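Chains as they are written, first to last, in this note's numbering: chain S, 289 to 525; chain D, 168 to 229.
For every residue, glycine included, the Cβ atom is placed at its ideal position computed from N, Cα and C.
Keep in mind it's a predicted model, so treat the numbers as computed, not measured.
What follows is a short report on a single structure.
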Amino acid sequence: MPADTEVAADSAADLPEDADQLTAKLRHAAVAALPPGRLMPDRQPAYVASWIYVFGVLTLSALAVVIVTGLVLAIFGPSWWHVSTVGLFVNSLHLWSVEVFFFAMVVHLWGKFFMAAWRGRRRATWITGVVSFVVSIGAAFTGYLSQQNFDSQWIATQAKDGINSTGAGAIFNVTNFGQMLMWHIILLPLVVVLLVGLHVLLVRLRGVVPPFAPPKGSTIETETVPSHEEIPTGDRP
Amino acid sequence: MSTLPAMMHQLFGSLINLNHPGHYVHWGFIQISVANLILIGLMVVVFFAAILIPFRRHGGRG
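Written out as structure tokens, the structure reads:
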């Protein structure tokens, strides 16, 4: 039986495709928009050779550490992260990776702002980045409220007046630990990861934004100017 | 004789003493903690360093 099942599965993959089927259409659209070479490139344009282009991937790396340490904290719970030595260590890793995340993200944002990274049909890339930043602030805020210590109680009682003054306190109660914990470990991380994933896909789709062209007659070395093999930004799909 | 964790605690405790209320800077209606101000200053320094410090490139890839 298992052998027959494998044969059936192989032969099914060899059948002519049904081009009208939704799955086939989605597959064609995805491969056309992001062929493997563009989805996971091993070469970048010459202008990417600058430290200012490092901070995006540094932000992603910090986010990975945030997610992994957050998963470990979720497994063992507050009594573990406040008492045991390893728990305190993982708790600290979670906090400091968030600090690195925001530090790198702010430098990344400044860099992209001053190179007007929304040029060349990259508006959606810029907007998803900005919205990710805003949602991340909410994720960090609910994280501080979920610490289960005096600090989180102090922050909650201080923040409630601000939240109530906006009218949002009726549905977003910062003194409700259960609600803040759910926002922190489910809703907001889900939104952040989805937005960041979309942001990275858009970077792959539109390419990394090139620097501004030097003024005519400039003595800047042309080696750093994007005369590269990348598709001109205006011609991208 | 103190244990290693106790020694580490003393070492780092002497470097940065956090057992006091936070220090704040007041400038008109602006109020910010010194810690946050230092962090923003560090971000500015790192930003300019990232622009000015040359990036080492591998030969034959440019």
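### Query
Nearest-angstrom Cα distance between D/A217 and S/P498?
One-based indexing of the second sequence puts residue 217 of chain D at position 50. One-based indexing of the first sequence puts residue 498 of chain S at position 210. In a straight line, the C-alpha of D/A217 is about 16 Å away from that of S/P498.
### Query
Skipping 5 residues on each side, what residues in its chain have a beta carbon closer than 8 Å to that of S/F500?
Working through the first sequence from its first residue, we reach residue 500 of chain S at position 212. Around S/F500: M403 and A404.
### Nonlocal neighbours in the same chain, by C-beta distance under 8 Å from D/V201, ignoring five residues either side
Taking the second sequence and counting its residues from 1, one reaches residue 201 of chain D at position 34. So the list reads G189, H190, Y191 and V192, once near-sequence residues are dropped.
### Task
Compare the Cα-Cα distances from D/L206 to each of S/V491, S/F390 and S/G344 and report the closest residue.
As a working mapping, residue 206 of chain D is identified with position 39 in the second sequence. With distances taken between Cα atoms, D/L206 lies closest to S/F390.
### Query
Anyone know if the C-beta pair for S/G408 and S/R331 falls short of 8 Å?
What you label residue 408 of chain S is simply residue 120 of the first sequence in a count that begins at 1. What you label residue 331 of chain S is simply residue 43 of the first sequence in a count that begins at 1. No. Outside cutoff.
### Query
Are the beta-carbon atoms belonging to S/H370 and S/N437 less than 8 Å from one another?
Indexing the first sequence from 1 puts residue 370 of chain S at position 82. Indexing the first sequence from 1 puts residue 437 of chain S at position 149. In this structure, S/H370 lies near S/N437, with their beta-carbon atoms less than 8 Å apart.
#### Entry: Identity of the residues DSSP links to D/Y191 by a beta bridge
Within the second sequence, residue 191 of chain D is the residue found at index 24, counting from 1. When beta bridges are read from the DSSP output, D/Y191 appears opposite D/S200.
### Task
Let me know if S/I425 comes out buried or exposed under the rule of 16 or more other beta-carbons within 10 Å of its beta-carbon.
Within the first sequence, numbered from 1, the residue matching residue 425 of chain S stands at position 137. Exposed.
### Query
How do the stretch 480–490 of chain S and the stretch 412–425 of chain S stand: do at least 3 beta-carbon pairs fall below 8 Å, yes or no?
Counting Cβ pairs under 8 Å, three or more are found: they touch.
### Query
If we call anything under 8 Å between Cβ atoms a contact, is S/N462 one with S/M470?
Start at 1 with the first residue of the first sequence, and residue 462 of chain S comes out as number 174. Start at 1 with the first residue of the first sequence, and residue 470 of chain S comes out as number 182. In the sequence under discussion, the amino acid at residue 462 of chain S is Val, which differs from the Asn named in the question. Between S/V462 and S/M470, the gap from beta carbon to beta carbon reaches 8 Å or more.
### Validate contact between the stretch 346–357 of chain S and the stretch 384–398 of chain S using beta carbons, cut 8 Å, 3 pairs
With three or more CB-CB distances shorter than 8 Å, the stretch 346–357 of chain S counts as touching the stretch 384–398 of chain S.
#### Entry: Interface flag, S/I473 vs chain D, CB-CB below 8 Å
Start at 1 with the first residue of the first sequence, and residue 473 of chain S comes out as number 185. For S/I473, the nearest beta carbon of chain D is not closer than 8 Å to its own beta carbon.
### Query
Leaving out five residues before and five after S/I340 in sequence, what residues of the same chain have Cβ atoms less than 7 Å from its Cβ?
To locate residue 340 of chain S, count along the first sequence from 1; it is residue 52. Excluding sequence neighbours, S/I340 sits near G399.
### Query
What did DSSP end up calling S/T463 once you bin it into helix, strand or coil?
What you label residue 463 of chain S is simply residue 175 of the first sequence in a count that begins at 1. Note: S/T463 maps to coil in three-state DSSP.
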